[in-house]
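Student: If you scroll down you'll find the structure; I have some questions about it.
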Amino acid sequence: MPEPTAGPLSRLNLNWLGLLPFALFALLFLILPTMKIVVGAFQTPDGSFTLENIYGLNTDSILSAYVVSIQLSLITAALGCLVGFAMAAAVIFGKLPTKVRGGLMTFSGVASNFAGVPLAFAFLATLGPVGLVTIWLRTEFGINLRAMGFNLLSFWGLVVVYLFFQIPLMILMIAPALDGLKREWREAAEILGATTAQYWRMVALPILFPALLGTFALLFANSFGAIATAFALTGPQLNIVPIKLYAQIRGDVLGNPHLGYALAFGMIVITALANGLYIWLRVRSERWLK
Amino acid sequence: MTRFFAWGTLLFGCTFFALPLIGMTEFSMRMLREGYSFEAYRVVLMDERFQQTFSYSVLMALATIIFGIILVVPTAYWVRLRLPAARPWIEFITLLPLVIPAIVIVFGYIRLYNTSSWLPLTGSSTGTNLLLMFGYVTLSLPYMYRAVDTGLRTIDVATLTEAALSLGAGWMTILTRVILPNVLIAVLSGAFLTFAIVIGEFTMAALLDRPAFGPFMQLLGANRAYEPAALAVIAFGITWACMALIQLATRFSKHTQAQR
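Below, the structure is given as structure tokens:
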């Protein structure tokens, strides 16, 4: 766009000035706080640099928190991907009425935002000790969930609860990729004599693979950073990284404030890796699915 | 055959989604022994702390939305008009809150702005409120920026600006009377999502010790039986309402696009 009044130099200055408020805000409330954590992870309390905090993570309780968190995120991401993919494929390829699809997408938008404290309450009222389903199974069928080893306040209970927002997120993220599969590819495969299974195994899934893996990474990061649901469900005892960090911020439970920085730094590294993988794979998948 | 499997998968999934919703609704109405009632809702809604924390969170959400609009709309507009080269960078920054967990961001706030720091925001309740609002603006950046940017894509920013400039409008007038009304519907969908997020947010408010709705829900959940289920129903209703309003807003924006 031609700009007749301003000279090249003043235009340059003026243009960048327009971003100043945003840059300042991002610096103060996003970049600097994060940098503080990252730098703090490599500092001693008096300010000199050290790797001591990172080594300090190598204790049984912290390592097991990371292991449990990573397991929880891997399992909920995998199951979320599986069920979400099946449901999205069902409404897109299953010859169901279009209204069903619209309904599922709208509901997914709601459910993926219905995380946090209320979600924990909803599951407590359903699968908790006196929940609707628990009582119903016991009185109608004589099935005692607790005796069978299911406890909502345990690792697998948390998996079930997390799936409530993981599956909808998967549906929302994978539906556009499924829409991108061209009808011609399927027709071409059929003309060449491929069965449905062969079409999926040799055509559709390889094309979808980057999108699937990318969404898996996104779901992983989504559950890795989540705390409110788990906190409302199990309180501060459960040994996952966000809850451990919460307890540390509340009152130095690790006995060394800079160990908290290292704990948070570890979280950033893991979610950043997962999101980096997601972005890289999304770029790759868009090559085919435009 | 395919259709049979499709319905089967869908029904299986929908049962999983329906049960907790049915469970919480049923449970929330069981407070009185003699039968179903809205007693839990009455108790919750009459609770003074509910009223205080809920109105606190509503005010916070509104402040977050207003500040977010003031911050994001001019930035997105300016990037589209004059600095298209900066777009990937701004987009990257606005997506960072999805990468860095909220608990890490607020941890940084507490260390950076504590009472002995250069900007002691956590020293006073006004300062902490302000800090919490900035935190919420940060959390809502990914949604707000993308919504506004999508809205700007549907209008011809350069021509509108030139027309307004040649008619003698200043930048303030252009932003408030030309650009904002044109992207208002897109801004609204970002605003409703921000509202839904802020109302139930737990981590930031709890760690900054603010009397918000999220921590109150958690506290009630730890101490009571039926009221939390009623709160969950109310929270779900709010999420539904926000999503319905977003749908409504996007439907309106499609109409304006079709007319052009």
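If you read the protein sequences in the order shown, they are chains A and B. One point on numbering: in this note's numbering, the residue at position 218 of the first sequence is 218, and numbering is uninterrupted. One point on numbering: in this note's numbering, the residue at position 102 of the second sequence is 392, and numbering is uninterrupted. All residues carry an ideal CB built from backbone N, CA and C; glycine is no exception. Values in this document were obtained by computation on a predicted structure and should not be read as measured data.
#1: Can you say whether A:Thr139 is buried or exposed, counting buried as having 16 or more other CB atoms within 10 angstroms of its CB?
#2: Please tell me whether B:Tyr326 has its Cβ less than 7 Å away from any Cβ of chain A.
#3: For the region 397–422 of chain B, which residues have a CB atom closer than 7 Å to at least one CB atom of chain A, in sequence order?
#4: Buried or exposed for A:Phe141, please, with buried defined as at least 16 other CB atoms from any protein chain shown within 10 angstroms of its CB.
#5: Who pairs with A:Gln43 in a beta bridge, going by DSSP?
#6: Between which two residues does the alpha helix (DSSP H) harbouring A:Trp185 extend?
#7: Tell me which residues of the region 13–33 of chain A have at least one Cβ-Cβ distance to chain B shorter than 7 Å, keeping chain order.
#8: Does the beta-carbon distance from B:Thr529 to A:Phe114 come in below 7 Å?
#9: Taking Cβ-Cβ distances below 8 Å as the criterion, which residues of the region 63–77 of chain A are in contact with chain B?
#10: Measure the C-alpha to C-alpha separation of A:Glu187 and A:Phe123 and round it to an integer number of angstroms.
#11: Can you confirm whether A:Ala6, when its beta carbon is compared against all beta carbons of chain B, has any partner nearer than 7 Å?
#12: Measure the C-alpha to C-alpha separation of B:Ala453 and B:Met434 and round it to an integer number of angstroms.
#13: Taking the alpha-carbon of B:Phe526 as reference, which of A:Phe22, A:Gly84, A:Val117, A:Leu96 has the nearest alpha-carbon?
#14: Looking only at C-alpha atoms, which of B:Gly325, B:Phe294, B:Met462, B:Phe340 sits nearest to B:Pro518?
#15: Classify B:Trp408 as helix, strand or coil using the three-state DSSP reduction.
#16: Kindly list the residues whose CB is nearer than 6 Å to the CB of B:Ile469, restricted to its own chain and excluding five residues on each side of it in sequence; keep chain order.
#17: Determine whether the beta carbon atoms of A:Ser69 and A:Ile240 lie at a separation below 7 Å.
#18: Would you mind sorting B:Ala481 into buried or exposed? The rule is 16 or more other CB atoms within 10 Å of its CB.
#19: What is the C-beta distance between B:Phe503 and B:Thr315, in whole angstroms, given that I count them as a contact (C-beta under 8 Å)?
#20: Between B:Leu431, B:Thr418, B:Val334, B:Gly425, which has its C-alpha nearest B:Phe382's C-alpha?
#21: Within this structure, are the beta carbons of A:Leu213 and A:Ala88 separated by less than 7 Å?
#22: Please identify, using Cβ separations under 8 Å, the residues of the region 457–488 of chain B that lie next to chain A, in order along the chain.
#23: Buried or exposed: where does B:Phe302 fall if 16 or more other Cβ atoms within 10 Å of its Cβ makes it buried?
#24: Quick one: which residues of the region 238–249 of chain A get their C-beta closer than 7 Å to a C-beta of chain B? List them in chain order.
#25: Reducing DSSP to helix, strand and coil, say where B:Tyr326 ends up.
#26: Of all the residues that make up the region 128–150 of chain A, which are near chain B by a beta-carbon distance shorter than 7 Å?
#27: Who are the neighbours of B:Met507 on chain A, taking C-beta pairs under 7 Å?
#28: Looking at the secondary structure, which residues open and close the alpha helix (DSSP H) in which A:Ile70 lies?
#29: Could you round the C-beta distance between B:Leu422 and B:Leu498 to whole angstroms and report it? I think they count as a contact, below 8 Å.
#30: If you measure from the beta carbon of B:Glu338 to each beta carbon in chain A, is any gap under 7 Å?
#31: What are the boundary residues of the alpha helix (DSSP H) that includes B:Thr466?
#32: Where A:Thr134 and B:Ala486 are concerned, what is the direct C-alpha to C-alpha distance, given to the nearest angstrom?
#33: Helix or strand or just coil, what does DSSP make of A:Phe265?
#34: To which residues of the same chain is A:Ala292 closer than 8 Å at the C-beta, ignoring the five residues directly before and after it?
#35: Does A:Pro2 get closer than 7 Å to chain B when you measure Cβ to Cβ?
#36: Residues of chain A with a CB under 9 Å from the CB of B:Val438: which are they?
Tutor: Reading it off the structure:
#1: exposed
#2: no
#3: Phe397, Gly398, Tyr399, Ile400, Arg401, Leu402
#4: exposed
#5: A:Phe49
#6: 183–191
#7: Asn15, Gly18, Leu19, Pro21, Phe22, Phe25, Ala26, Phe29, Leu30, Leu32, Pro33
#8: yes
#9: none
#10: 44 Å
#11: Summary for A:Ala6: the model assigns pLDDT 46, below 50, so the residue's position carries little reliability; its value from the coordinates is reported in the next sentence. Answer no: the Cβ-Cβ gap between A:Ala6 and chain B never drops below 7 Å.
#12: 27 Å
#13: A:Val117
#14: B:Phe340
#15: coil
#16: Tyr367
#17: yes
#18: buried
#19: With 8 Å as the limit, B:Phe503 and B:Thr315 do not qualify as a contact, their Cβ atoms being about 20 Å apart.
#20: B:Leu431
#21: no
#22: Leu483, Ala486, Ile487
#23: exposed
#24: Pro242, Leu245, Tyr246, Ile249
#25: coil
#26: Gly131, Leu132, Val133
#27: Val117, Pro118
#28: 60–93
#29: 5 Å
#30: no
#31: Premise fails: B:Thr466 is in no alpha helix (DSSP H) and is neither H nor E.
#32: 30 Å
#33: helix
#34: There is no way to answer for residue 292 of chain A, as the model of chain A reaches only from 1 to 290.
#35: With a pLDDT of only 47 at A:Pro2, under the threshold of 50, the placement of this residue in the model should not be trusted, and no figure is reported.
#36: The premise fails here: B:Val438 is roughly 12 Å from chain A at the closest Cβ pair, so nothing lies under 9 Å.
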